[in-house]
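K.L.:
To convert a position in the sequence shown, counted from 1, into the working numbering, add 5.
For every residue, glycine included, the Cβ atom is placed at its ideal position computed from N, Cα and C.
Computed from a predicted structure; not experimentally measured.
Below you will find the structure I want to go over with you.
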Amino acid sequence: MKTKILIAVDDANLSDVLRSLFRSLEYRVKSCGEEEARDDVLHAEAWDVVVCGLEFGRGLLVDRPSGAYGADILVVVDYAELEEGKAIVEAGASGFLVRPIRSEEALRLLEKVLAERHDRLKATGGAGKQPEVLEKTEEEASCECKKPDTPELHYGLMIGEHPAMQALYKQMEKVAATDMSVLIRGESGTGKELVAKSLHRLSRRGNRPFVAINCTAIPANLLESELFGHVKGAFTGAVRNKEGLFQVADGGTLFMDEIGSIPLEMQRSLLRILQDGLVRPVGGVTATKVDVRVLAATNEDLEKRMKEGLFREDLYYRLCAFPLYLPALRERRSDIPLLISYFQDKWSEEGGGGFGGFSEEAMDVLSRRDWPGNVRELENSLRRIVALSNRGGMPLGVYDLPDEFRPSAEELRQADEQEDEAEMAEILAGFPQRNAELTLKAYLRIHEREYINRVLAECGGDKDKTAKMLGISKGTLYRKLDETE
Numbered sequence: 006m007k008t009k010i011l012i013a014v015d016d017a018n019l020s021d022v023l024r025s026l027f028r029s030l031e032y033r034v035k036s037c038g039e040e041e042a043r044d045d046v047l048h049a050e051a052w053d054v055v056v057c058g059l060e061f062g063r064g065l066l067v068d069r070p071s072g073a074y075g076a077d078i079l080v081v082v083d084y085a086e087l088e089e090g091k092a093i094v095e096a097g098a099s100g101f102l103v104r105p106i107r108s109e110e111a112l113r114l115l116e117k118v119l120a121e122r123h124d125r126l127k128a129t130g131g132a133g134k135q136p137e138v139l140e141k142t143e144e145e146a147s148c149e150c151k152k153p154d155t156p157e158l159h160y161g162l163m164i165g166e167h168p169a170m171q172a173l174y175k176q177m178e179k180v181a182a183t184d185m186s187v188l189i190r191g192e193s194g195t196g197k198e199l200v201a202k203s204l205h206r207l208s209r210r211g212n213r214p215f216v217a218i219n220c221t222a223i224p225a226n227l228l229e230s231e232l233f234g235h236v237k238g239a240f241t242g243a244v245r246n247k248e249g250l251f252q253v254a255d256g257g258t259l260f261m262d263e264i265g266s267i268p269l270e271m272q273r274s275l276l277r278i279l280q281d282g283l284v285r286p287v288g289g290v291t292a293t294k295v296d297v298r299v300l301a302a303t304n305e306d307l308e309k310r311m312k313e314g315l316f317r318e319d320l321y322y323r324l325c326a327f328p329l330y331l332p333a334l335r336e337r338r339s340d341i342p343l344l345i346s347y348f349q350d351k352w353s354e355e356g357g358g359g360f361g362g363f364s365e366e367a368m369d370v371l372s373r374r375d376w377p378g379n380v381r382e383l384e385n386s387l388r389r390i391v392a393l394s395n396r397g398g399m400p401l402g403v404y405d406l407p408d409e410f411r412p413s414a415e416e417l418r419q420a421d422e423q424e425d426e427a428e429m430a431e432i433l434a435g436f437p438q439r440n441a442e443l444t445l446k447a448y449l450r451i452h453e454r455e456y457i458n459r460v461l462a463e464c465g466g467d468k469d470k471t472a473k474m475l476g477i478s479k480g481t482l483y484r485k486l487d488e489t490e
């Protein structure tokens with residue numbers, strides 16, 4: 006049985022991070038607020054580990070064994086509560102985590118607690134009071150079975166279960182615990198900023214500022230001031246000192262999207278900051294020390310830009326200390342239904358209820374589409390489809406979709422032909438290769454022999470059973486087998 010972990014904290018961001026982190030180890034994890042846990046969840050089933058806040062943890066220890074039912078308790082404390090954390094461990098908690106949570110430390114503590122729990126239960130023969138599971142009524146059980154699966158929101162931000170996304174999550178969790186610069190590559194609309202935000206949430210900087218800038222959205226002559234700040238009088242219009250985004254993000258993360266568009270003359274300044282952490286505002290003479298982790302993203306071919314002399318090679322290798330690739334939507338089509346389901350649920354919560362979803366055929370059409378604009382295009386297109394739909398809560402079919410989504414008559418004909426060709430190829434797979442020198446009788450005899458041998462093999466060599474399956478007498482079967490030898 007999978008280890009069951011309950012995360013009962015009122016900080017939604019922390020809850021999402023811990024849930025995704027522990028699920029990466031394939032544990033069964035549920036998250037909820039402390040009040041919900043106190044009223045319902047704790048009493049519903051047996052938990053191996055409960056992760057909670059300091060006061061809630063104290064309450065669980067007081068109520069033992071009826072409160073936490075033998076679960077190991079991990080409490081989350083702030084730096085100012087270190088002494089309280091040590092005290093609650095002495096009172097019976099299994100350990101404490103200090104904010105901001107560091108992924109590697111959280112996983113290491115969890116593994117330690119589970120190993121000790123395993124040894125403890127093994128030594129006692131698994132003894133220990135288990136919770137009284139509240140039985141569900143027949144109506145509740147029926148509703149639960151009918152409820153559709155909800156797509157998992159990894160790190161509270163990302164949707165996708167395709168193997169390429171699973172591999173990406175593992176890489177993200179490894180690099181998140183470091184301060185390495187990360188270059189996120191992928192087409193426009195794939196969600197590179199979501200990857201950056203997830204890395205920030207998973208890192209030790211998770212409770213510090215996350216600042217994002219699209220380097221193509223700001224004119225080149227203003228970008229330097231936006232990033233590094235300026236002093237009063239540095240240029241026309243500079244009427245006061247202004248902090249740059251590096252100063253704003255101090256202690257946290259700066260995400261620079263479309264990094265390839267930074268002018269060549271600015272790249273030297275950016276490289277210097279990455280090397281020594283010193284930021285000098287435009288027009289200033291004094292540099293300020295900052296502690297900023299830089300995450301960059303691009304959909305451009307930076308290698309080509311380097312060859313053209315438009316991007317510094319030393320800056321490239323500094324930014325690309327750990328590269329991540331976010332696959333295009335057409336490379337993970339199996340995630341399209343999950344994304345559609347997520348957007349439908351999201352819009353329903355926002356007051357857009359009454360939409361009946363898509364038929365299986367319509368979903369298949371949407372899943373086969375290439376979506377050159379990726380997830381961004383999918384979301385915007387779905388919003389338009391939902392806004393234009395008028396089916397009274399009924400699922401939309403293929404011909405309820407806008408014209409550009411419907412397959413043309415020629416595409417349908419080609420699809421039918423491809424399906425027919427595939428079926429025919431499967432049928433002919435067992436036939437001998439065509440040979441113009443064979444007579445029809447010889448060709449049929451070869452195929453007859455092949456078919457008899459195949460049925461005989463399926464029957465395990467039982468000739469009586471083979472004859473019955475072929476609809477011939479046993480004598481005829483023996484004669485035909487003799488002819489094939």
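1. Use the C-beta contact count for residue 478: other C-beta atoms within 10 angstroms, 16 or more gives buried, fewer gives exposed.
2. Determine the closest residue to residue 352 out of 387, 363, 325 and 338, with distance taken between C-alpha atoms.
3. Could I get the ranges of all uninterrupted beta strand (DSSP E) runs contained in the stretch 217-263, with 3 residues as the minimum, in chain order?
4. Assuming residue 216 and residue 257 are in contact, meaning their beta carbons sit under 8 Å apart, how far apart are those beta carbons, in whole angstroms?
5. In three-state DSSP terms, what is residue 480?
6. Could you tell me the distance, in whole angstroms, from the CA atom of residue 347 to the CA atom of residue 162?
7. With a 10 Å radius around its C-beta and 16 neighbouring C-beta atoms as the bar for buried, classify residue 5 as buried or exposed.
8. Identify whether residue 330 lies in helix, strand or coil by the three-state DSSP scheme.
9. In terms of residue numbering, what span does the alpha helix (DSSP H) encompassing residue 26 cover?
10. When you compare only the Cα positions, how much space is there between residue 461 and residue 484?
11. Would you list, in sequence order, the uninterrupted alpha helix (DSSP H) runs of no fewer than 4 residues that lie entirely inside the stretch 292-378?
12. Could you tell me whether the stretch 324-342 touches the stretch 187-194, using the rule of 3 or more Cβ pairs below 8 Å?
13. Expressed to the nearest angstrom, what Euclidean distance is found between the alpha-carbon atoms of residue 250 and residue 297?
14. At 3 residues or longer, and completely inside the stretch 40-67: list those beta strand (DSSP E) runs for me, N to C.
15. Along the chain, where does the alpha helix (DSSP H) that runs through residue 278 open and close?
16. Have a look at the DSSP bridge pairing and note the partners of residue 37.
17. Are the CB atoms of residue 368 and residue 342 within a distance shorter than 9 Å?
18. Grab me the residues of residue 246's own chain with a C-beta within less than 8 Å of its C-beta, minus the 5 sequence neighbours each way, in chain order.
19. Compute the Euclidean distance between the alpha carbons of residue 465 and residue 76, then round it to the nearest angstrom.
20. Does residue 449 come out as helix, strand or coil in the three-state DSSP assignment?
21. Whole angstroms are fine: how far does the CA of residue 165 sit from the CA of residue 123?
22. Short of 7 Å in beta carbon distance, which residues of its chain neighbour residue 20, apart from the five on each side in sequence? Order them along the chain.
23. Report back the beta-carbon spacing between residue 26 and residue 111 to the nearest angstrom; my notes put them in contact at under 8 Å.
24. Report the three-state DSSP secondary structure of residue 487 (helix, strand or coil).
25. Following the continuous beta strand (DSSP E) through residue 80, name the residue where it begins and the one where it ends.
26. Could you give the first and the last residue of the continuous alpha helix (DSSP H) run that contains residue 498?
27. CA-CA distance, residue 393 and residue 33?
28. Applying the criterion that 16 or more other CB atoms from any shown protein chain within 10 Å of the CB defines a buried residue, is residue 79 buried or exposed?
29. Which word fits residue 240, buried or exposed, when buried means at least 16 other C-beta atoms lie within 10 angstroms of its C-beta?
30. In its own chain, which residues sit with a C-beta less than 7 Å from the C-beta of residue 63, not counting the 5 before and 5 after it?
31. Taking all protein chains shown into account, do 16 or more other C-beta atoms lie within 10 angstroms of the C-beta of residue 385, making it buried, or fewer, making it exposed?
32. Measuring only the C-alpha atoms, how far is residue 5 from residue 268?
P.N.:
Taking the geometry as given:
1. exposed
2. 387
3. 258-262
4. 7 Å
5. helix
6. 11 Å
7. Nothing about residue 5 can be read from this structure; the chain reaches only from 6 to 490.
8. strand
9. 17-28
10. 14 Å
11. 307-312, 318-324, 341-354 and 365-373
12. yes
13. 10 Å
14. 54-58
15. 269-281
16. 13
17. yes
18. 234, 235, 236, 237 and 286
19. 54 Å
20. helix
21. 33 Å
22. 12, 14 and 36
23. 6 Å
24. helix
25. 77-82
26. Shown here, the chain extends from 6 to 490; a query on residue 498 therefore has no answer.
27. 40 Å
28. buried
29. exposed
30. 93
31. exposed
32. Only positions 6 to 490 of the chain appear in this structure, which leaves residue 5 out of reach.
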